[in-house]
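Undergrad: Note that full-length UniProt numbering has the sequence shown beginning at 1, numbered continuously upward.
Note that CB positions come from ideal geometry on N, CA and C, so glycine has one too.
This one's a predicted model, so the numbers in the text were calculated from it and none came from an experiment.
My questions all concern the structure below.
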Amino acid sequence: CHNAGGNQEWALTKDKSVKHMDLCLTVVDKTPGSFIKLQGCRENDSRQKWEQIESNSKLLHVSSNLCLDSRSARMGGLTVEVCSPSLSQQWKFTLNLQS
C-alpha cells in the first residue's frame, strides 16, 4: 500500500465483477494456481464473476469454484486456488460513498 490512491482502488460491483476503472479480474484458466488476467469488463462474461463467501472474507470465482489468492503476488500476480483458511485468501471491501 502506498496511500497514493487510484491504482489500488477496486470495486466489487453489483453485477459480481471485481473492477478497477474499465478493467476486471478475469479467470482465463480454471486450473488451481492459474494467474488472474486484467481484461476489459464485459457484463455477461462468466470469467469475470465473483461472489463473497465466508462472512464476506473470501472472493469465490463463480464458474470455477476457486478463490482469489495473493500468495504468488510477488512472483507475478494474483491466482485462483482451492479455497482454504489461508490469510492469502482474505479480502476486505469497504463501502465508499465519496465521489
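Got a sec? Which residues, its chain only, sit under 8 Å from aspartate 22 by beta carbon, not counting five neighbours each side?
TA: Correct list, in chain order: Gly40 and Cys41.
Undergrad: Since histidine 61 and valine 27 are thought to touch, with beta carbons under 8 Å apart, how far apart are those beta carbons, to the nearest angstrom?
TA: The Cβ separation is near 5 Å, so the contact holds.
Undergrad: Please report how far the alpha carbon of serine 70 lies from the alpha carbon of serine 84, in whole angstroms.
TA: Distance between the alpha carbons of serine 70 and serine 84: 12 Å.
Undergrad: On a CA-only basis, which of Pro32, Lys49 and Asn44 is nearest leucine 12? Give me that one, please.
TA: Here the closest residue by C-alpha is Lys49.
Undergrad: Just to confirm my understanding: we take serine 64, look at its own chain, exclude 5 residues before and 5 after, and list those with CB closer than 8 Å. What are they?
TA: Excluding positions up to five away in sequence, the list reads Val27, Lys30 and Val80.
Undergrad: Pick out whichever of Phe93, Gly77, Lys14 and Glu51 has its Cα sitting closest to the Cα of glutamate 43.
TA: Here the closest residue by C-alpha is Lys14.
Undergrad: Between which residues of its own chain and glycine 77 is the CB-CB distance below 7 Å, once the five residues before and five after are set aside?
TA: Phe35 and Ile36, listed in sequence order.
Undergrad: Between Lys16, Asp45 and Gln90, which has its C-alpha nearest cysteine 67's C-alpha?
TA: The candidate whose alpha carbon is nearest that of cysteine 67 is Gln90.
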